[in-house]
Each structure stands twice: as structure tokens, then as C-alpha cells.
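S.K.:
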Amino acid sequence: MGSLLLLAPGVHFLPGAVNSLVVEDGRGGALLVDTGLDDGHARKLLRGLTELNLTPTGILNTHSHADHHGGNAFILRRFPELKVFAPPLEDAVITHPILEPITLFGARPPRELQSKFLLAPPSPARLAPEPGLCRIGGAVVELLEVAGHASMMYAVRVGEVLYAADALFGEAALAKHPLTFCADSALQKEAAARLGELEGVCVTLPGHGDPTPDLTRLVAANLAAYTRTTAAVLEAVQVGAAGVDDLLVRVCGALGVTMTNAGAVVLNRAVVSAHLTELLEAGQVHMQVHENRLLFVAGE
């Protein structure tokens, strides 16, 4: 069996910690959607193309998290003429990856936050077309706006195949990571719900996880996980006024999360902050400054 697995005629994927989608253009070329975390994944991706006698014609990064564009640089060294496309805002981070750890840490990040998981090599990204049916790298795809996990993100549909990117996670990934990352938890829920309304999807590939024929079940599992996190954050605030770091400890205790490195802490801290913003906007939580500390308090 080759490196790439078939999803539908002309549509393949490379399984991994992050999945890559490959869409043929019908003329021996293929669009690469997300290139994985590092050179190792990118090398497997190019090997899979070679096995199918395909040549890369373009790269589309669904969003700017390092595990989705970390393979760009390796591929561009082999094929420097390729163009890299990404959604608005995300193209800036892919071009200047230091923005990701800066955003998470709030300042110039220490060395521990400059690992490949948070800081990918730079690659020159440009704006992808607006959502809708379009041609990228010779391949015809439909781009669907699914912001929430990232500030902006595209899912990709090719006929009966939906690559949900990180708008939907496989059920095993949800169980392993109860604090699913998001920049905007309210938009994250809305995006998942919209994908659940799509008709004619026969196979859904999440960014992390196995392909499934049951889009409805996958959406329900993700919405349940996102809602559970919001409830855990609200319950943490209801215990007593606290800052984000103390609330993070409470939420991790409730969800059975153990953090062992700085990267996990800043990522999960951002998740708690996103859900706090949602709760603030719903009027279930409010902020106050007390003794030079920013605290979150339950109630009106």
C-alpha cells in the first residue's frame, strides 16, 4: 500500500498526527492541503506523490498553526516555484511564524516556547481566494470559512469529500485532549454546527483523526466537547473569583488534564481565555481588577 490513502477518485490523504489532503488537478498535478508538522511529514507527502506519479502544483494551508504548515519549507526547497495560499491573517503568521508564540505568550517568547510545535519555519504565504468554489494550483476545491479554532480557517470540500481541518477533531483526539484549542470558542461551535448542515458529504476527514462516513456523529461529538469545556470554565469561576492561571488549574483538575511543559500551559491558558470571553459576552461572567489582579467573577 502506498503512502497516500484514497478518499475518492482524485482525492487522497496522508495520515499522520496531522492529516494532509491531496487533490489531483487531472493533469498529473496535485494541490497539497496542509503539510504537517515538520520535514518528516513533508518527506512522506512528497514520496506519496511520487508513488502516484503526481507533481505538487500548490500548497493551501487551512490555518497558521505550526503543525499544519511546518512542512512547507521542506517542500519549497524541492519545488521553489510553488505558491502557498492561506486565509486572511493566517497568511501573515505563516510568513512570520514568530507571531504564533508571541501571541500565546504575550511578549517575545522564551526558548522553551520556540519549539517546532509552536514555531514553524517561515514560508511566503499569500491570500487564498475567498470562500466558495475556486481553483488553486490547478485543482478545483470549495473553501468553507470555519473560524474559531484559529482566527481564520478554511475547510475544504471536494465533491463528496470534506476536509474539516481543525473545525472538527476525531473522537480519539477529543478524548486525548479535552481542552481543544480555540481562539474563539463561540465561533468554534458555530463552525462545527454549520459543517453539520452540509448535504451530500460521504466522507469527512478531520485535521486530526481518521476519516468517517458519519459527519453528523462527528459534529455532535465535537459540539459536546466544546460545550463541556465552556461548562468547566464557568464552574471554575463559580468556585470563586480568580485570574486565568488559577482558573486553568481548576479546569484541568475537572477535566483530568495534566500539563508537563510550558507549551501545554500557554495553549491551554488560551483555551480558558477564549471560553471566558464567550461567557463574558453572554453575561455569565464579568471582570474586575482587585489588588492589581485581573479577576473573573460569576454572575451579573
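Each position in the sequence shown, counted from 1, maps to that position plus 15 in my numbering. Yeah, the Cβ is synthetic: ideal placement off N, Cα and C, and Gly gets one too. These numbers come from a predicted model, not from an experiment.
Comparing C-alpha positions only, which one of Gly86, Leu104, Leu158 sits nearest to Pro137?
M.R.: Gly86
S.K.: Note down the Cα distance separating Arg344 from Leu114, rounded to an integer number of angstroms.
M.R.: The structure shown has nothing for residue 344, since the chain only spans 16 to 315.
S.K.: So which of Ala235, Leu230, Ser288 has the shortest CA-CA distance to Leu258?
M.R.: Correcting the residue identity first, residue 258 is Gly in this sequence and not Leu. When only C-alpha atoms are compared, the closest one is Ser288.
S.K.: My output table needs one value for Cys197: the three-state DSSP class, helix, strand or coil.
M.R.: Assigned with DSSP and collapsed to three states, Cys197 falls in coil, not helix or strand.
S.K.: Return helix, strand or coil for Pro116, following the three-state DSSP convention.
M.R.: helix
S.K.: Helix, strand or coil for Gly63, going by three-state DSSP, please let me know.
M.R.: helix
S.K.: Per DSSP, Leu233 is paired with what?
M.R.: Answer by DSSP bridge pairing: none, since Leu233 is not bridged.
S.K.: Taking the alpha helix (DSSP H) that Gly147 belongs to, which residues open and close that run?
M.R.: Segment 147 to 151 is the beta strand (DSSP E) holding Gly147; no alpha helix (DSSP H) there.
S.K.: How would you label Asp106, buried or exposed, when you count the other beta carbons within 10 angstroms and need 16 or more for buried?
M.R.: The residue is buried, with at least 16 neighbouring Cβ atoms inside 10 Å.
S.K.: Can you give the beta carbon distance from Ser166 to Leu210, rounded, assuming they're within the 8 Å contact cut?
M.R.: At roughly 18 Å, the Cβ-Cβ gap does not stay under 8 Å, so Ser166 and Leu210 are not in contact.
S.K.: Measuring alpha carbon to alpha carbon, tell me which of Leu21, Leu177, Glu157, His78 ends up nearest Ala135.
M.R.: Among Leu21, Leu177, Glu157, His78, the Cα nearest to that of Ala135 is on His78.
S.K.: Could you have a look at Gln129 and say whether DSSP puts it in helix, strand or coil?
M.R.: Taken through DSSP and simplified to helix, strand or coil, Gln129 comes out as coil.
S.K.: Look up Leu22 in the DSSP assignment and say whether it is helix, strand or coil.
M.R.: strand
S.K.: With a cut-off of 8 Å on the beta carbons, I'd call Val60 and Thr50 a contact; round off their distance for me.
M.R.: For the record, residue 60 in the displayed sequence is Leu; it is not Val. Indeed they touch by this definition, with Cβ atoms about 6 Å apart.
S.K.: I'd like to know if Lys59 contacts chain C, where contact means its C-beta is closer than 7 Å to some C-beta of that chain.
M.R.: Chain labels in this structure do not include chain C; a single protein chain is all it has.
S.K.: I'd like the list of long-range same chain contacts for Thr231, defined as Cβ closer than 7 Å, with 5 residues on each side in sequence excluded.
M.R.: Gly211
S.K.: Assess contact between the segment 196 to 206 and the segment 216 to 235, defined as three or more Cβ pairs (one per stretch) separated by less than 8 Å. Is contact present?
M.R.: no
S.K.: From the DSSP output, in three-state form, read off His305 for me.
M.R.: strand
S.K.: Within the continuous beta strand (DSSP E) that includes Arg284, where are the two ends?
M.R.: Premise fails: Arg284 lies in the alpha helix (DSSP H), 277 to 296, not in any beta strand (DSSP E).
S.K.: Evaluate contact between the segment 153 to 161 and the segment 293 to 309, counting only Cβ atoms and requiring at least three cross-stretch pairs below 8 Å.
M.R.: no
S.K.: Roughly how many whole angstroms lie between the Cα atoms of Leu310 and Ala269?
M.R.: 20 Å
S.K.: How about the segment 289 to 303 and the segment 243 to 263: do they share at least three Cβ pairs that are nearer than 8 Å?
M.R.: yes
S.K.: Would you kindly check if the distance between the Cβ of Ala170 and the Cβ of Val176 is under 7 Å?
M.R.: no
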